[in-house]
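Visitor: Before I ask anything, let me first share the structure, which is written out below as structure tokens.
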Amino acid sequence: MLLSALLFGMGNTAVHWASTVMDPLEVVFFRNLFSLLWMLPWALTSGAPACRSVLTERRLGPYVTRALTTLCAMTAWFYSISRIPLPTATAVSFAIPLFVAAGAALILRERVRARRWAAVCVGFAGVTIVLRPGAAPVDAAFLALFVHCIAAAAAILQMRLLSRRDSALVIVTFLGLLVTPMALVPALFVWTWPSWSVLGGLALLGGLLTLGQLAMTKSLALAESSAMMPYDYARLPFTAIVAWIVFGQTMDLWGWAGALVIAGSALYTMHRDAADGRKAAKA
């Protein structure tokens, strides 16, 4: 999950750059197209039997549903980070674990311990410190961010269900196969041909986010989603550092205060999970 946070921080920086040179709807399409191209060599060779079993056993329905949810989350995210500084947008996106924890308890029937609820709520309080409601007007970009949070939480819960049966490679491959044609339709309405240099950047973008998706899917297959999501808070310092290096974007003191609160909640959860793991090993 920590590797996923680093890769998404780097990938989202690439998305922010791409959204300054082309429409976000096109960026969504090319992100999924290159993700699919990265996965095809595996899908056509050693992964062919696993991918074929999804089709022969008629298990495609949940993949289609997740593809639609992911497309909604991705489109809202790409639109918002083209208009909001990356560190701020990333901080707002940390509302996602709150929705994931609630969904894990209500839908997946996972046992969410009190300290995980506390860690998620403290992290959400850190997001509130970053945003300081009333300090700035809430526009369409921020509304898109909240749409992203809800849709992304739903996609993560769907990913958790799929990972109970299929591998991370199968899940990410089918995501590319289904979302790419879905994303092409809206992209055609704003289509402009990218230059070769932009295409190279989009290929890198697709590779980074595909690896991040694989890492996140694998983590959700190894542990409960409510246990993994607090670790996702590491995306904020990763993103802030990369955004500062590449774009010179920074957060104010309130932003960093909120980031410390968020990081503290994640570190507390990591410490308690490690202690529980040691107890279980001794038992």
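Offset between the sequence shown (1-based) and my numbering: plus 26.
A virtual CB, placed ideally from N, CA and C, is assigned to each residue, including glycine.
List the whole-angstrom C-beta distance separating residue 55 from residue 210, where the pair is believed to meet the contact cut-off of C-beta under 8 Å.
Guide: Contact flag correct, Cβ pair sits at about 5 Å.
Visitor: To test your reading of the DSSP string, which unbroken alpha helix (DSSP H) runs of 4 or more residues are found completely within the segment 148-215?
Guide: With a minimum length of 4 residues, the continuous alpha helix (DSSP H) runs that stay inside the segment 148-215 are 166-188 and 194-214.
Visitor: How about residue 372 and residue 196: are their beta carbons less than 9 Å apart?
Guide: Residue 372 is absent from the model: the chain starts at 27 and stops at 309.
Visitor: Taking a contact to mean a Cβ-Cβ separation below 9 Å, would you say residue 180 touches residue 149 in this structure?
Guide: In this structure, residue 149 does not lie closer than 9 Å to residue 180 by Cβ.
Visitor: Can you give me the Cβ contacts of residue 173 inside the same chain, cut-off strictly under 6 Å, excluding the 5 residues immediately before and after it?
Guide: 102.
Visitor: Are there three or more Cβ pairs, one per stretch, closer than 8 Å when the segment 42-60 is compared with the segment 220-233?
Guide: Verdict: yes, contact present.
Visitor: Can you tell me which of the three DSSP states residue 52 falls into?
Guide: Three-state DSSP puts residue 52 in a helix.
Visitor: Is the beta carbon of residue 27 closer than 9 Å to that of residue 254?
Guide: Against a cut-off of 9 Å, the Cβ pair of residue 27 and residue 254 comes out as a contact.
Visitor: Between the beta-carbon of residue 234 and the beta-carbon of residue 37, is there less than 9 Å?
Guide: Taking 9 Å as the Cβ cut-off, residue 234 and residue 37 qualify as a contacting pair.
Visitor: Which runs of the beta strand (DSSP E) spanning at least 3 residues fall entirely within the segment 242-281, listed in chain order?
Guide: If we require 3 residues or more, the segment 242-281 turns out to have no beta strand (DSSP E) run fully inside it.
Visitor: Determine, using beta-carbon pairs with one atom in the segment 34-49 and one in the segment 106-117, whether at least three such pairs fall under 8 Å.
Guide: With a cut-off of 8 Å, the segment 106-117 and the segment 34-49 count as touching, because enough Cβ pairs lie within range.
Visitor: Give me the Cβ distance between residue 169 and residue 146, rounded to the nearest whole Å; I'm assuming they're in contact under 8 Å.
Guide: No, residue 169 and residue 146 are not in contact; Cβ-Cβ is about 22 Å, not under 8 Å.
Visitor: Taking buried to mean at least 16 other C-beta atoms within 10 Å of its own C-beta, is residue 258 buried or exposed?
Guide: Buried, since its Cβ has 16 or more Cβ neighbours within 10 Å.
Visitor: Can you tell me where the alpha helix (DSSP H) holding residue 78 begins and where it ends?
Guide: Segment 74-82, the alpha helix (DSSP H) holding residue 78.
Visitor: Please determine, among 184, 153 and 135, the residue with the shortest C-alpha to C-alpha distance to residue 283.
Guide: For residue 283, the nearest C-alpha among the options comes from 153.
Visitor: Report yes if the C-beta distance between residue 113 and residue 238 is below 9 Å; otherwise report no.
Guide: No, the Cβ-Cβ distance between residue 113 and residue 238 is not below 9 Å.
Visitor: With distances taken between CB atoms, is the gap from residue 185 to residue 94 smaller than 9 Å?
Guide: Taking 9 Å as the Cβ cut-off, residue 185 and residue 94 do not qualify as a contacting pair.
Visitor: Nearest-angstrom Cα distance between residue 190 and residue 244?
Guide: Each residue's alpha carbon lies about 11 Å from the other.
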